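Numbering (the working numbering), first residue to last: 15 to 141.
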């Protein structure tokens, strides 16, 4: 996770961060779905999101569906968030989801998920 973020723009705006993490989650979802299926991923991500929202309530605007994590609820208000705070909360969410997936699969998917995430490039110009 940290290696992925270090490859991106050093100080992106909150909208650019949201876009980056949205694409990151889409990549992770696609890879995880092929191995675990939608139902399993939905249940795991719902549980992880509930836990992370306790410390980062603004993430309650996110929604888990059979197509993955939906960011539409954050788009209208994302410009109001401090980029560092937003990034911190999204990093926690990704790391916790990867940790739980790793624990449940005996780390079988961990390397493949990290590769998928590293393949996601950030936007090169601020929004």
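The beta carbon of each residue, even a glycine, is placed where N, CA and C say it ideally should be.
If you're wondering where the values come from, they're calculated on a predicted model, not measured in any experiment.
Around the Cβ of residue 130, a 10 Å sphere holds 16 or more other Cβ atoms; the residue is buried. By the neighbour-count criterion, in which 16 or more other beta carbons inside 10 Å mark a residue as buried, residue 133 falls on the exposed side.
Assigned with DSSP and collapsed to three states, residue 83 falls in strand.
Rounded to whole angstroms, residue 113 and residue 105 show a C-alpha spacing of 12 Å. Using a Cβ distance threshold of 7 Å, residue 29 and residue 92 count as a contacting pair.
Apart from the 5 residues on each side of it in sequence, residue 37 sits with its Cβ closer than 7 Å to the Cβ of 134 in its chain, given in chain order.
Bridge pairing for residue 78: 83 [DSSP].
Taking a contact as a CB-CB distance under 8 Å, the pair residue 51 and residue 115 does not count as one, their CB atoms being some 13 Å apart.
Note on geometry: alpha-carbon atoms of residue 128 and residue 59 lie some 17 Å from one another.
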